[in-house]
Amino acid sequence: MHSTATGATARALLDSLVDHGFTLATGVPCSLLTGAFRLLEDPGDDARLARLRYVPAPREDSAIGIASGAVVAGERAVVLMQNSGLGYSLNVITSFNLIYDVPVLLIVSWRGHDGNDAVEHDVIGAELLRLLELFRLPYTVLDHADPAASVATVIDLMDKEQRCGVLVVREGI
Amino acid sequence: MSAPAPTPSAALTLSDVAAELLDRHPDAVIVSTCGFTTRELFNAADRPENFYLVGSMGIAAPVALGIALARPARTVIALDGDGSLLMNLGVLPLVAGAGVPLLHVVVDNGMHESTGGQATVGRADFTALALAAGYAHAVRVEDAAGLRAADLTPRPALLHALTGPRTGGPGRRVTHTPQQIVERLSAALDPVAA
């Protein structure tokens with residue numbers, strides 16, 4: 116399940132976020148998102164990526180809080196997390212984002228999607244999409260062949276519905 | 303890890319703390335934690351720069367941090383309670399590590415008052431915790447004189463205000479809708495676009 120990606124998909128995904136005006140990224144790492152976190156922590160000489168400020172968070176609900184504050188202040192913000200973090204996040208999503216109409220973009224890895232992952236991912240992995248549907252969080256699964264299109268799709272859904280949009284990442288980036 | 307209880311006669315109230323904050327930082331954005339804290343801030347001094355949380359216990363400081371990151375020129379205050387900070391103590395290293403000036407105020411009545419006065423896990427020395435987490439400054443106040451004398455410069459800094467048990471009711475609930483709370487703050491932050 117560990118990432119074997121070269122970082123090209125992660126770079127395309129993050130570049131696309133910058134192109135859509137995102138200025139703040141926060142979250143809690145997942146091994147499936149290693150490439151994305153590596154670039155967020157150190158964009159190197161990539162001036163475009165450097166425009167996406169990264170703030171590490173101790174918990175996913177706190178990360179959503181940070182992103183929400185930035186959105187209220189007029190920025191676009193994204194939270195990266197493992198699907199296990201959605202459990203911690205449900206209260207802030209349901210008692211803040213979905214009642215104040217403050218959408219933040221969530222990039223959520225899908226550990227346990229094939230039922231062949233570490234045991235702690237089995238239950239949430241089997242139910243991830245149904246959980247998103249239950250709370251009517253619009254989502255799309257990342258197309259590794261065209262990350263920019265996936266980003267555009269989920270941002271479009273989020274803007275249209277004014278609810279947190281979720282980009283589901285099934286394979287390592 | 304214990305903080306002394308204030309003597310009831312000289313006990314501060316959340317309204318005293320809010321008044322002092324607004325006197326020192328009249329333009330500050332104040333993000334208040336849910337329950338009686340938000341209700342008391344609303345009843346003490348309703349203003350567009352008050353961002354009232356009505357749920358999401360433990361998330362006031364992260365929301366305040368997000369606003370401060372986006373608007374470095376504004377003074378931003380997180381108005382927490384002892385119960386809500388204890389619920390999410392991880393915000394202390396988060397705020398310290400983010401490297402933005404923020405004033406984190408903890409109004410500590412020693413109980414979960416909004417839900418009926420139940421015990422918290424215990425009284426905590428929030429100034430010691432904040433300094434250990436990396437805050438540049440932390441001060442505990444127990445009465446009006448201490449509050450007046452306290453350095454409230456956001457650095458990040460933590461103000462631990464011991465308050466007494468409530469004598470009156472909690473006051474009315476916030477009458478603005480959540481959407482109005484967002485719109486008012488957005489307009490206050492960006493008057494040109496309003």
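Quick note, the sequences are listed as chains D and C, same order.
Start counting the first sequence at 116; every next residue gets the next number (the numbering used here).
Start counting the second sequence at 303; every next residue gets the next number (the numbering used here).
Even for Gly, the Cβ is constructed at its ideal location relative to N, Cα and C.
What you are looking at is a predicted structure, and each value in this text was computed from that prediction instead of being measured.
Use the C-beta contact count for Ser-265/D: other C-beta atoms within 10 angstroms, 16 or more gives buried, fewer gives exposed.
Translated into the one-based positions of the first sequence, residue 265/D becomes position 150. Buried, because 16 or more other Cβ atoms sit within 10 Å of the Cβ of Ser-265/D.
Can you tell me where the alpha helix (DSSP H) holding Ala-489/C begins and where it ends?
Start at 1 with the first residue of the second sequence, and residue 489/C comes out as number 187. Note, Ala-489/C: alpha helix (DSSP H), 480-491.
Just list the beta strand (DSSP E) runs in the region 149-214 of chain D, keeping only unbroken ones of 3 residues or longer that don't cross its boundaries, in chain order.
168-171, 191-197
Taking Asn-345/C as part of the beta strand (DSSP E), name the residues at either end of that continuous run.
Your numbering for residue 345/C matches position 43 in the second sequence. Counting along the chain, Asn-345/C falls outside any beta strand (DSSP E), though it belongs to the alpha helix (DSSP H) covering 338-346.
Return no unless some Cβ of chain D is closer than 9 Å to the Cβ of Arg-373/C.
On the second sequence, residue 373/C is found 71 positions in, with the first residue counted as 1. Residue-level contact by beta carbon holds for Arg-373/C and chain D, with a gap shorter than 9 Å.
Residue from Ile-379/C, Glu-351/C, Asn-345/C, Val-356/C with nearest C-alpha to Glu-485/C:
On the second sequence, residue 485/C is found 183 positions in, with the first residue counted as 1. When each option's Cα is compared against that of Glu-485/C, the closest is Glu-351/C.
Among Ser-488/C, Asp-384/C, Ser-416/C, His-439/C, which one has its Cα closest to the Cα of Val-397/C?
Counted from its first residue, the second sequence places residue 397/C at position 95. It is His-439/C.
Coarse secondary structure for Met-389/C, derived from DSSP in three states
For this step, residue 389/C is matched to residue 87 along the second sequence. Three-state DSSP puts Met-389/C in a helix.
Can you pull the chain D residues whose beta carbon is under 9 Å from the beta carbon of Leu-491/C, in chain order?
Taking the first residue of the second sequence as position 1, residue 491/C is located at position 189. Going along chain D in sequence order, the residues near Leu-491/C (Cβ under 9 Å) are Val-187, Ala-188, Gly-189.
Suppose contacts are defined by Cβ-Cβ distances below 9 Å. Is Val-193/D in contact with Ile-222/D by that definition?
Residue mapping note: residue 193/D aligns to position 78 of the first sequence, counting from 1. Residue mapping note: residue 222/D aligns to position 107 of the first sequence, counting from 1. Yes, they are a contact pair.
Since Val-133/D and Arg-163/D should fall inside the 8 Å C-beta cutoff, what is the C-beta to C-beta distance between them, to a whole number of angstroms?
Locating residue 133/D in the first sequence gives position 18, counting from the first residue. Locating residue 163/D in the first sequence gives position 48, counting from the first residue. Going by Cβ atoms, the distance from Val-133/D to Arg-163/D rounds to 5 Å, so yes, they are a contact pair.
Going by the CB atoms, is the gap between Leu-316/C and Leu-454/C shorter than 9 Å?
Locating residue 454/C in the second sequence gives position 152, where the first residue counts as 1. Locating residue 316/C in the second sequence gives position 14, where the first residue counts as 1. No, they are not a contact pair.
Pair within 9 Å by beta-carbon distance, Val-365/C and Leu-491/C
Within the second sequence, residue 365/C is the residue found at index 63, counting from 1. Within the second sequence, residue 491/C is the residue found at index 189, counting from 1. Cβ distance not < 9 Å, so Val-365/C and Leu-491/C don't count as in contact.
Please list, in chain order, the residues of the region 381-402 of chain C that have any C-beta partner in chain D closer than 8 Å.
Asn-390, Gly-392, Val-393, Pro-395, Leu-396, Gly-399, Ala-400
Taking just the CA atoms, how far does Val-284/D sit from Ala-451/C?
Within the second sequence, the letter at position 149 stands for residue 451/C. Within the first sequence, the letter at position 169 stands for residue 284/D. Near 52 Å, if we compare the C-alpha coordinates of Val-284/D and Ala-451/C.
Which of the residues in the region 413-428 of chain C, read from start to end, lie with their CB under 9 Å from any CB of chain D?
none
Beta carbon proximity, Ala-363/C to chain D, threshold 9 Å:
Indexing the second sequence from 1 puts residue 363/C at position 61. At least one chain D Cβ lies under 9 Å of Ala-363/C.
Look up Met-413/C in the DSSP assignment and say whether it is helix, strand or coil.
If you number the second sequence from 1, residue 413/C lands on position 111. Met-413/C falls in the strand class under three-state DSSP.
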